[in-house]
Ligand code: ADP
Ligand code: ADP
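Here is the structure:
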């Protein structure tokens, strides 16, 4: 499903430039559950942003579901992002003035679906993350773990082929982190492809494959027996 070949990403800062990724080759198949780890500055977020079509590589090729991403224009990229990718961030990135239901329905606006249909799908996605009773709440009326569930519902509502999560438990206490990981485990068990960034071993232990980046290169890529969520 994902094929990265010789991917490099160079950031320019005035005269200087920096290779955040250098020659990354990576295949990820449908329904894999991958944790991306590595020290701070090793290129994890850069790689996630490329996988999520938020940014494009300086060189190399990225084929997602048979389409060559590097050849697409901004419009086409935005469409792929909207249809194929669900993104979850460390800091939730919910819109504070919109209800939980409207936050989750937001990605469907770009698909031209009528409001009733958007609400139906959003409420279904909120049911999947256990928040069917919070549709009318505002984000600041929810706990951190609940806000991240809303963000997961928003990522899922458009039925993306890949769920990407960049440090999804970074702002949560360890118990709430385990609850969020139990949710990712369940989504994976239902067939969702999941790729997450974490620097915590307990979180990475949930995945079936752990890829470690160091200095913009893949240092190791290991299959493992996942640890079941502790709740
Ligand atoms: P990680 O997520 O593993 O901490 P990042 O992918 O965020 O690593 O960053 C990799 C390297 O690229 C770091 O040295 C970082 O400072 C640099 N970098 C990231 N984003 C930018 C940017 N927009 N401009 C310049 N340098 C960047
Ligand atoms: P943090 O909590 O440290 O800001 P996040 O996980 O929220 O980290 O964000 C990770 C990266 O994704 C950051 O570099 C951020 O700039 C970028 N980012 C966050 N939200 C969006 C968005 N809606 N669209 C594009 N990029 C985003």
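Residue numbers (the UniProt record's numbering): 1 to 231. We put the beta carbon where it would ideally sit given N, CA and C, even for glycine.
Checklist line | Collapsed DSSP secondary structure at residue 198 in the structure displayed | finding: Residue numbering aside, residue 198 sits at position 198 when the chain shown is read from its first letter. If DSSP states are grouped into helix, strand and coil, residue 198 belongs with coil.
Next item on the list: Compute the distance between the beta-carbons of residue 130 and residue 149, then report whether it is under 8 Å.
Entry: Residue mapping note: residue 130 aligns to position 130 of the chain shown, counting from 1. Residue mapping note: residue 149 aligns to position 149 of the chain shown, counting from 1. Going by C-beta atoms, residue 130 is nearer than 8 Å to residue 149.
Next item on the list: Quick one: give me the first and last residue of the beta strand (DSSP E) that residue 37 is part of.
Entry: Residue 37 sits at position 37 when you count from the first residue of the chain shown. In the DSSP assignment, residue 37 falls within the unbroken beta strand (DSSP E) covering 33-37.
Next item on the list: Take residue 118 as the anchor and find which of 157, 143 and 135 has the nearest alpha-carbon.
Entry: Translated into positions along the chain shown, residue 118 becomes position 118. Cα-wise, what sits closest to residue 118 is 157.
Check: Less than 8 Å separating the beta-carbons of residue 35 and residue 198?
Finding: Counted from its first residue, the chain shown places residue 35 at position 35. Counted from its first residue, the chain shown places residue 198 at position 198. Cβ distance < 8 Å, so residue 35 and residue 198 count as in contact.
Checklist line | Residues passing the C-beta test against ligand 1 heavy atoms, cut-off 5 Å | finding: 11, 20, 40, 41, 42, 43, 44, 45 and 46
Next item on the list: Taking all protein chains shown into account, decide if residue 189 is buried (16 or more other Cβ within 10 angstroms of its Cβ) or exposed.
Entry: Position 189 of the chain shown, counting from 1, holds the residue named residue 189. When all chains shown are included, residue 189 counts as exposed.
Next item on the list: State the beta-bridge partners of residue 193 as determined by DSSP.
Entry: As a working mapping, residue 193 is identified with position 193 in the chain shown. When DSSP reads this structure, residue 193 sits in a beta bridge with 162.
Note to self: Taking the straight line between their C-alpha atoms, what separation do you get for residue 147 and residue 139?
What the structure shows: On the chain shown, position 147 is the one that residue 147 refers to. On the chain shown, position 139 is the one that residue 139 refers to. Distance between the alpha carbons of residue 147 and residue 139: 6 Å.
Margin query: Quick test of your reading: residue 182 and residue 86, contact by CB under 8 Å. State the CB separation rounded to the nearest angstrom.
Written below: Within the chain shown, the letter at position 182 stands for residue 182. Within the chain shown, the letter at position 86 stands for residue 86. No, residue 182 and residue 86 are not in contact; Cβ-Cβ is about 18 Å, not under 8 Å.
Next item on the list: Examine the Cβ distances between the segment 51-58 and the segment 5-13 and report whether three or more of them are shorter than 8 Å.
Entry: Taking 8 Å as the limit for Cβ pairs, the verdict is that the segment 5-13 does touch the segment 51-58.
Check: Looking only at DSSP bridge pairs, what is residue 9 linked to?
Finding: Counting from one through the chain shown, the residue named residue 9 turns up at place 9. For residue 9, which the question treats as bridged, DSSP gives the partners 21.
Check: Is the CB-CB distance between residue 84 and residue 113 below 8 Å?
Finding: Your numbering for residue 84 matches position 84 in the chain shown. Your numbering for residue 113 matches position 113 in the chain shown. No, the Cβ-Cβ distance between residue 84 and residue 113 is not below 8 Å.
Notebook entry, point to check: Are the CB atoms of residue 5 and residue 216 nearer to each other than 8 Å?
Noted result: Mapped onto the chain shown, residue 5 falls at position 5. Mapped onto the chain shown, residue 216 falls at position 216. Going by C-beta atoms, residue 5 is not nearer than 8 Å to residue 216.
Notebook entry, point to check: Whose C-beta lies closer than 6 Å to the C-beta of residue 136 among residues of the same chain, with five residues either side of it excluded?
Noted result: Here the question's residue 136 lines up with position 136 in the chain shown. Cβ within range, chain order: 99.
Next item on the list: Give the C-beta separation of residue 248 and residue 214 to the nearest angstrom, bearing in mind that I take them to be a contact with Cβ-Cβ under 8 Å.
Entry: Past the boundaries of the shown model lies residue 248; the chain is included only from 1 to 231, so the question cannot be answered.
Next item on the list: Identify whether residue 101 lies in helix, strand or coil by the three-state DSSP scheme.
Entry: Position 101 of the chain shown, counted from the start, is the residue given in the question as residue 101. Correct three-state label for residue 101: helix.
Next item on the list: With a threshold of 16 other CB atoms inside 10 Å of the CB of residue 132, please say whether the residue is buried or exposed.
Entry: Reading the chain shown from its first residue, position 132 is the one you call residue 132. With fewer than 16 other Cβ atoms within 10 Å, it is exposed.
Note to self: Quick check on residue 188: does DSSP put it in helix, strand or coil?
What the structure shows: The residue labelled residue 188 in the question sits at position 188 within the chain shown. Residue 188: helix per DSSP, three-state reduction.
Check: Exposed or buried, which one is residue 29 when buried takes at least 16 other CB atoms within 10 Å?
Finding: Looking up residue 29 in the chain shown gives position 29. It counts as exposed.
Check: What is the C-beta distance between residue 168 and residue 196, in whole angstroms, given that I count them as a contact (C-beta under 8 Å)?
Finding: Translated into the one-based positions of the chain shown, residue 168 becomes position 168. Translated into the one-based positions of the chain shown, residue 196 becomes position 196. Their Cβ separation, rounded to whole angstroms, is 6 Å, which keeps residue 168 and residue 196 in contact under 8 Å.
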